[in-house]
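Novice:
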Amino acid sequence: MLAGVGGADDRVSSLEAIDLTKHFPATGSLSLGHVWIKAVDGVSVRVGEGETLGIVGESGSGKTTLAKLFLLLERPTAGTLKFDGKDVRAFSRGDLATYRRSVQAVFQDPFSSLDPRMRVEQIVGEPLIPGDGITRAMVRERVVESLELVGLRRDSAALYPHEFSGGQRQRIAIARALVTTPKFILLDEPVSALDVSIRAQILNLLKRLQDRLGLAYIMISHDLAAARYLATRLAVMYCGKLVETGVCEAVYTEPLHPYTEALLSAALPLHPEARRQRIILKGEIPNPTNPPSGCRFHPRCHRVLPECATVEPVWREVKPGRLAACHLH
Amino acid sequence: MPLLAVENLRTHFFTRRGVVKAVDGVSFTLDAGETLALVGESGSGKSVTCLSLVRLVPEPAGRIVGGRVLLDGEDLLQKSRAQMRRVRGKQIAMVLQDPMTSLNPALTIGLQVGEVVRLHQHVHGRTLRDRVLDALRRLRISAADTRLGQYAHQFSGGMRQRVSSAIALSCAPRVLIADEPTTSLDVTIQAQYLELLKEVQAKAGVAVILVTHDFGIVAANADRVAVMYAGRIVEMGTTLQVFNHPRHPYTQALLRCLPDVELKREQLVEIGGQPPDLAQLPPGCPFAPRCPERHAACERELPQAVTVEPGHTAACWLASVAPTTA
Chain A
1 MLAGVGGADD
11 RVSSLEAIDL
21 TKHFPATGSL
31 SLGHVWIKAV
41 DGVSVRVGEG
51 ETLGIVGESG
61 SGKTTLAKLF
71 LLLERPTAGT
81 LKFDGKDVRA
91 FSRGDLATYR
101 RSVQAVFQDP
111 FSSLDPRMRV
121 EQIVGEPLIP
131 GDGITRAMVR
141 ERVVESLELV
151 GLRRDSAALY
161 PHEFSGGQRQ
171 RIAIARALVT
181 TPKFILLDEP
191 VSALDVSIRA
201 QILNLLKRLQ
211 DRLGLAYIMI
221 SHDLAAARYL
231 ATRLAVMYCG
241 KLVETGVCEA
251 VYTEPLHPYT
261 EALLSAALPL
271 HPEARRQRII
281 LKGEIPNPTN
291 PPSGCRFHPR
301 CHRVLPECAT
311 VEPVWREVKP
321 GRLAACHLH
Chain B
330 MPLLAVENLR
340 THFFTRRGVV
350 KAVDGVSFTL
360 DAGETLALVG
370 ESGSGKSVTC
380 LSLVRLVPEP
390 AGRIVGGRVL
400 LDGEDLLQKS
410 RAQMRRVRGK
420 QIAMVLQDPM
430 TSLNPALTIG
440 LQVGEVVRLH
450 QHVHGRTLRD
460 RVLDALRRLR
470 ISAADTRLGQ
480 YAHQFSGGMR
490 QRVSSAIALS
500 CAPRVLIADE
510 PTTSLDVTIQ
520 AQYLELLKEV
530 QAKAGVAVIL
540 VTHDFGIVAA
550 NADRVAVMYA
560 GRIVEMGTTL
570 QVFNHPRHPY
580 TQALLRCLPD
590 VELKREQLVE
600 IGGQPPDLAQ
610 LPPGCPFAPR
620 CPERHAACER
630 ELPQAVTVEP
640 GHTAACWLAS
650 VAPTTA
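In the order they appear, the protein sequences are chains A and B. So in this note's numbering, the last spot in the first sequence is 329, and the numbers never skip. So in this note's numbering, the last spot in the second sequence is 655, and the numbers never skip.
Next up, the structure:
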């Protein structure tokens, strides 16, 4: 194990978003003045050590923008991102380097996330920069260690990505994320691009690594079944806002927000006899440049109240450990 | 007589790496109004099976090398190209996975729906326009008359898939092949689409071949299921038979290895290894190298489909011996 890499300490690590907001200017629009796409609009979540926060929602709900904010690939318009209690905006260069080592990512498609012209050794070792007391030999040793952690053979280091199947490529991507001994790994749809018989291999691997290394995951997914398997807490997004968070099992068994209810009912159970009451939502996700007034879900909601169209529901604790923004609660 | 009967269909691709047996001995039947799901992983031959039915296998590499595809008793594989063009769109229609690529971005929606109607029903002018509007309205495209003049990019993902379905259903086909129709859609939109498809299917009495890798969709929508692996159907039966008493170890493993929205699984049972290389298939059962229950015979000889109960077949050496109670 490399000394110094990962900046290990004994404090409990945490990653926290407070009212995080990202608005993009809408380009190509003919209208003058300010038109903003409200991709993420006041999201507050916290991820602690060893837990998995599942962020679920449909396309256009802001999951990916939120992921980019966590990876510091986008600068928030407003709100704060705190790492171990320290505001990211107040980071020194050293802090930033520590952050980048501590927060890694695995993306959806291992066919596009790995450079086809690099050998596995270069791909996995790229986040480690020789110098600062890290020698090439140490990098090589750490690469092999990472490869073995994800169940790849030591000699795969010399091969190119095209020599691997989809599942193995995803293992390479995971090895690359592990090489800096991070505390947080952001998983952006980690199994969506994989074959069904391979998904279980990768999901189990992620779970084993978490138990063994004490990793925390932020898992972004539209696959509600995979999220239920891996997540300990769940956050449901709709049109740039969180509608509900809570302990994963509680959210699945007793959803508080009607959108969560509809989303869960639209996911199909794996048995023909398990047909349940399905809520078929009308319409589609609204345009984030001009979200509906009041509650953003009200035009599609099956439990809509008169005030939903005008008053925006407050984000608050509805039950112990369960937060939601809905007038019903 | 079934509406569609596929007998021992074999479609191979002749490549520099050797002969890739993408579809190798597929047989099934389809009755009017029923939904048959073809499930399997990528490379299992689902899509090539569908392309073979309408003879759209990419040539010259791909060729249908054997079998029969009987629609109302007439073999489609014996028809001329001109005859085949009258079958496609009129008798058998397709909906593909990604409507953004299956629709032409440079033509209006009206033109694209109209093309099929014009070619098969030989109508023009106002009649054509009315038929197109009908086709769109049946798939719940609101404000259809203004939508006619718009382009694919002006539609949302769910609407685009409804437009391509409107094209497919515009000439009242007997068979609709839906190849992963909801893979590019969100779950709530997927639920809308599948519900609508079911409704339209019931009204029109069209038979559907639903290609998917999602067992949830199969469970909710199919009457019968055919599970494909390495170019063959390894198990086929009614949806309840296959889900309640899967007899092929591959089906059993697939059903155990998937996370379910209905319950939290503590551990997923993995299927080791990877799908085989179709250019270098082993002599025996193609699933044998990954099979937890393989024995000597599996690696020597290819098992043929045997009937395990009425309407339920499995291609496994174990299926013919021990009837397990699940």
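Each residue gets a CB set at the ideal place from its N, CA and C atoms; glycine is no exception. Computed from a predicted model, the values in this text were never measured in an experiment.
Can you tell which of B:Gly439, B:Thr456, B:Val529, B:Leu505 has the C-alpha that lies nearest to the C-alpha of Arg489 of chain B?
Specialist: One-based indexing of the second sequence puts residue 489 of chain B at position 160. Of the candidates B:Gly439, B:Thr456, B:Val529, B:Leu505, the one whose C-alpha sits nearest the C-alpha of Arg489 of chain B is B:Gly439.
Novice: Can we say the segment 156-174 of chain A touches the segment 18-27 of chain A, given the rule of at least three CB pairs closer than 8 Å?
Specialist: no
Novice: Helix, strand or coil for Asp474 of chain B, going by three-state DSSP, please let me know.
Specialist: On the second sequence, residue 474 of chain B is found 145 positions in, with the first residue counted as 1. Three-state result, Asp474 of chain B: helix.
Novice: May I have the straight-line CA-CA distance separating Ala390 of chain B from Val348 of chain B, to the nearest angstrom?
Specialist: As a working note, residue 390 of chain B is residue 61 in the second sequence. As a working note, residue 348 of chain B is residue 19 in the second sequence. Spanning the two alpha carbons is a distance of roughly 9 Å.
Novice: When DSSP labels each residue in this structure, what does Met429 of chain B get in the three-state scheme?
Specialist: If you number the second sequence from 1, residue 429 of chain B lands on position 100. In this structure, Met429 of chain B counts as helix in the three-state DSSP scheme.
Novice: Shortest alpha-carbon distance to Thr98 of chain A belongs to which of A:Gly79, A:Thr180, A:Gly62, A:Thr260?
Specialist: Numbered from its first residue, the first sequence carries residue 98 of chain A at position 98. That would be A:Thr180, whose Cα lies nearest to the Cα of Thr98 of chain A.
Novice: Kindly list the residues whose CB is nearer than 7 Å to the CB of Leu234 of chain A, restricted to its own chain and excluding five residues on each side of it in sequence; keep chain order.
Specialist: Here residue 234 of chain A refers to the residue found at position 234 of the first sequence. Correct list, in chain order: Gly54, Val56, Ala227, Thr245, Gly246, Cys248, Val251.
Novice: Helix, strand or coil: which one does DSSP assign to Gln450 of chain B?
Specialist: For the purposes of this step, residue 450 of chain B is taken as residue 121 along the second sequence, with counting starting at 1. Residue state, collapsed to three classes: helix.
Novice: Could you round the C-beta distance between Ala361 of chain B and Gly534 of chain B to whole angstroms and report it? I think they count as a contact, below 8 Å.
Specialist: Sequence index remark: in the second sequence, residue 361 of chain B carries index 32 (1-based). Sequence index remark: in the second sequence, residue 534 of chain B carries index 205 (1-based). Confirmed, about 6 Å.
Novice: Going straight from the alpha carbon of Ile518 of chain B to that of Leu114 of chain A, what length do you get?
Specialist: Taking the first residue of the second sequence as 1, we reach residue 518 of chain B at position 189. Taking the first residue of the first sequence as 1, we reach residue 114 of chain A at position 114. The alpha-carbon separation between Ile518 of chain B and Leu114 of chain A amounts to approximately 31 Å.
Novice: Going along chain B, which residues have a C-beta under 8 Å from Ala193 of chain A?
Specialist: The sequence position of residue 193 of chain A within the first sequence is 193, counting from 1. By Cβ distance, chain B contributes nothing, its closest Cβ being about 10 Å from Ala193 of chain A, past 8 Å.
Novice: If you draw a straight line from the alpha carbon of Thr496 of chain B to that of Ala531 of chain B, how long is it in whole angstroms?
Specialist: Numbered from its first residue, the second sequence carries residue 496 of chain B at position 167. Numbered from its first residue, the second sequence carries residue 531 of chain B at position 202. Contrary to the premise, residue 496 of chain B reads as Ile rather than Thr in this sequence. Whole-angstrom Cα-Cα distance: 18 Å.
Novice: Checking contacts by CB at 9 Å: is Met488 of chain B closer than that to chain A?
Specialist: Along the second sequence, one-based indexing puts residue 488 of chain B at 159. For Met488 of chain B, the nearest CB of chain A lies under 9 Å from its own CB, placing it at the interface with that chain.
Novice: When DSSP labels each residue in this structure, what does Val535 of chain B get in the three-state scheme?
Specialist: Residue 535 of chain B sits at position 206 when you count from the first residue of the second sequence. Coil at Val535 of chain B, not helix or strand.
Novice: If you measure from the beta carbon of Ser371 of chain B to each beta carbon in chain A, is any gap under 9 Å?
Specialist: Here residue 371 of chain B is taken as the residue at index 42 of the second sequence, counted from 1. Yes, contact with chain A.
Novice: Cα separation between Asn290 of chain A and Leu436 of chain B?
Specialist: Counting from 1 along the first sequence, the entry for residue 290 of chain A is found at position 290. Counting from 1 along the second sequence, the entry for residue 436 of chain B is found at position 107. Distance between the alpha carbons of Asn290 of chain A and Leu436 of chain B is about 29 Å.
Novice: Check Ala8 of chain A in the structure and name its three-state DSSP category.
Specialist: Here the question's residue 8 of chain A lines up with position 8 in the first sequence. In this prediction, Ala8 of chain A scores a pLDDT of 40, lower than 50, which makes its location untrustworthy; the coordinate-derived value is nonetheless stated afterwards. Three-state DSSP puts Ala8 of chain A in coil, outside helix and strand.
Novice: What separation, rounded to the nearest whole angstrom, lies between the Cα atoms of Arg553 of chain B and Val424 of chain B?
Specialist: For this step, residue 553 of chain B is matched to residue 224 along the second sequence. For this step, residue 424 of chain B is matched to residue 95 along the second sequence. Rounded to whole angstroms, Arg553 of chain B to Val424 of chain B spans 19 Å at the Cα level.
Novice: Which of the three DSSP states is assigned to Ala655 of chain B in this structure?
Specialist: Here residue 655 of chain B refers to the residue found at position 326 of the second sequence. Because Ala655 of chain B carries a pLDDT of 42, less than 50, the predicted location of this residue cannot be relied on, and no value is offered for it.
Novice: Measuring CA to CA, which of B:Asn573, B:Pro639, B:Ala625, B:Met330 is closest to Ala342 of chain A?
Specialist: Beyond the ends of chain A as shown, which are 1 and 329, falls residue 342 of chain A; an answer cannot be given.
Novice: Alpha carbon to alpha carbon, what distance is there between Pro575 of chain B and Thr653 of chain B?
Specialist: Locating residue 653 of chain B in the second sequence gives position 324, where the first residue counts as 1. Locating residue 575 of chain B in the second sequence gives position 246, where the first residue counts as 1. Low confidence applies to Thr653 of chain B: its pLDDT is 48, below 50, so where it sits in the model is not reliable, and the reading given next is rough at best. Looking at the two C-alpha atoms, the distance is approximately 9 Å.
Novice: Tell me the DSSP secondary structure of Asn204 of chain A in three-state form.
Specialist: As a working note, residue 204 of chain A is residue 204 in the first sequence. Asn204 of chain A falls in the helix class under three-state DSSP.
Novice: Please give me, in chain order, every unbroken run of the beta strand (DSSP E) with length at least 3 that falls completely inside the segment 517-577 of chain B.
Specialist: 536-541, 553-558, 561-567
Novice: For Ala655 of chain B, would you say it is in contact with chain A, using Cβ-to-Cβ distances shorter than 9 Å as the test?
Specialist: As a first step, residue 655 of chain B is located in the second sequence; it is residue number 326 there, counting from the start. Only weak support is given to the placement of Ala655 of chain B: the predicted model assigns it a pLDDT of 42, under 50, and the question is left unresolved by the model.
Novice: Flag Gly402 of chain B as yes if its beta-carbon sits less than 9 Å from any beta-carbon of chain A, otherwise no.
Specialist: Against the second sequence, residue 402 of chain B aligns to sequence position 73. So no, Gly402 of chain B is outside the interface.
Novice: Quick check on Thr642 of chain B: buried or exposed, where buried means 16 or more other Cβ atoms within 10 Å of its Cβ?
Specialist: The residue you call residue 642 of chain B lines up with position 313 of the second sequence. Per the 10 Å Cβ criterion, buried.
Novice: Alpha carbon to alpha carbon, what distance is there between Leu149 of chain A and Ser221 of chain A?
Specialist: Working through the first sequence from its first residue, we reach residue 221 of chain A at position 221. Working through the first sequence from its first residue, we reach residue 149 of chain A at position 149. Ser221 of chain A and Leu149 of chain A: Cα-Cα distance of roughly 24 Å.
Novice: Give the list of continuous alpha helix (DSSP H) stretches no shorter than 4 residues that lie fully inside the segment 36-123 of chain A.
Specialist: 63-70, 93-102
Novice: Figure out for me which residue from B:Val335, B:Ile393, B:Pro578 has the closest Cα to the Cα of Leu350 of chain B.
Specialist: Taking the second sequence and counting its residues from 1, the one referred to as residue 350 of chain B is at position 21. The amino acid occupying residue 350 of chain B in the given sequence is Lys; Leu does not appear at that position. The shortest C-alpha separation from Lys350 of chain B is found at B:Ile393.
Novice: Taking C-alpha atoms, which residue in A:Val103, A:Ile218, A:Ala267, A:Glu163 lies nearest to Thr512 of chain B?
Specialist: Here residue 512 of chain B refers to the residue found at position 183 of the second sequence. Nearest option by C-alpha distance: A:Ala267.
Novice: Would you say Arg199 of chain A reaches chain B, if we count a Cβ-Cβ gap shorter than 9 Å as a contact?
Specialist: Numbered from 1 along the first sequence, position 199 holds the residue referred to as residue 199 of chain A. Proximity of Arg199 of chain A to chain B, defined by a Cβ-Cβ separation below 9 Å, is satisfied.
Novice: Do Leu587 of chain B and Ala200 of chain A count as a contact pair if the criterion is CB distance below 9 Å?
Specialist: On the first sequence, residue 200 of chain A is found 200 positions in, with the first residue counted as 1. On the second sequence, residue 587 of chain B is found 258 positions in, with the first residue counted as 1. Taking 9 Å as the Cβ cut-off, Ala200 of chain A and Leu587 of chain B qualify as a contacting pair.
Novice: If contact is defined by three or more beta carbon pairs under 8 Å, each pair taking one atom from either stretch, is the segment 77-84 of chain A in contact with the segment 207-219 of chain A?
Specialist: The segment 207-219 of chain A vs the segment 77-84 of chain A: no contact.
Novice: Mind checking Glu163 of chain A: buried by the 16 CB within 10 Å criterion, or exposed?
Specialist: Residue mapping note: residue 163 of chain A aligns to position 163 of the first sequence, counting from 1. Burial call: exposed.
Novice: Check whether the segment 535-551 of chain B touches the segment 498-513 of chain B, counting contact only when three or more Cβ pairs, one atom from each stretch, lie closer than 8 Å.
Specialist: yes
Novice: Going by beta carbon distance, what residues of the same chain come within less than 7 Å of Trp646 of chain B, once the five residues before and after it are set aside?
Specialist: As a working mapping, residue 646 of chain B is identified with position 317 in the second sequence. Contacts found: Ala626, Cys627, Pro632.
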